[in-house]
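Novice: Numbering (numbering that gives the first Met the number 0), first residue to last: 0 to 125. I have a structure I would like to understand better, so I am pasting it below and will then ask my questions one at a time.
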Amino acid sequence: MGAQKRLIRTICLAAVIASSAANSAFAHETETQEGVASFYSDRFQGAPTASGEPFDQQALTAAHPSLPFGTKVLVTRPDTGQEVEVLINDRGPFIQGRIIDLSKRAAAKLGMIRRGTAPVMVTLLD
0 MGAQKRLIRT
10 ICLAAVIASS
20 AANSAFAHET
30 ETQEGVASFY
40 SDRFQGAPTA
50 SGEPFDQQAL
60 TAAHPSLPFG
70 TKVLVTRPDT
80 GQEVEVLIND
90 RGPFIQGRII
100 DLSKRAAAKL
110 GMIRRGTAPV
120 MVTLLD
């Protein structure tokens, strides 16, 4: 029985360490990430985000696969120089090659509404 409890404790500890490493990987590897941004469809307005907040297209928020909720990032379009500061409050995007999913207001500040996606740099502010 004692060996089984130790094994369970070890597995739980390993899971906590792995989870912490995944959440802080962005900050330790680099403070800037490059890739493609997209933005939420209007159909998600009011739906709960992964953080529990209702989604608001007019808020300056975004989804990121691993950054902790409440993290502030600067999203910059290198092709135009436009930038916007957003707060991470959701998980995503869930399409390969995309690194951040923005609210419509944030996407508008980057001039990407017509286009749907844009190349971006995401820089940690916190």
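Ideal Cβ placement from N, Cα and C applies to all residues, glycine included.
Please report the residue range of the alpha helix (DSSP H) in which residue 104 lies.
Specialist: As a working note, residue 104 is residue 105 in the sequence shown. Its alpha helix (DSSP H) spans residues 103-108.
Novice: Is the CB-CB distance between residue 53 and residue 78 below 8 Å?
Specialist: Sequence index remark: in the sequence shown, residue 53 carries index 54 (1-based). Sequence index remark: in the sequence shown, residue 78 carries index 79 (1-based). Not closer than 8 Å, so no.
Novice: Apart from the five residues on each side of it in sequence, which residues of its chain come closer than 6 Å, Cβ to Cβ, to residue 111?
Specialist: Taking the first residue of the sequence shown as position 1, residue 111 is located at position 112. Only 117 meet the Cβ criterion.
Novice: Name, in chain order, the residues that DSSP records as bridge partners for residue 55.
Specialist: Your numbering for residue 55 matches position 56 in the sequence shown. BP columns for residue 55 are empty, so no partner.
Novice: How far does the beta strand (DSSP E) with residue 37 in it reach, from first residue to last?
Specialist: Position 38 of the sequence shown holds residue 37. It spans 31-38 - the beta strand (DSSP E) in which residue 37 sits, taken as one unbroken run.
Novice: With DSSP collapsed to three states, give me the class of residue 100.
Specialist: Looking up residue 100 in the sequence shown gives position 101. Reduced to three states, the DSSP call for residue 100 is strand.
Novice: When the Cα atoms are used, what is the spatial distance from residue 122 to residue 86?
Specialist: Start at 1 with the first residue of the sequence shown, and residue 122 comes out as number 123. Start at 1 with the first residue of the sequence shown, and residue 86 comes out as number 87. Whole-angstrom Cα-Cα distance: 12 Å.
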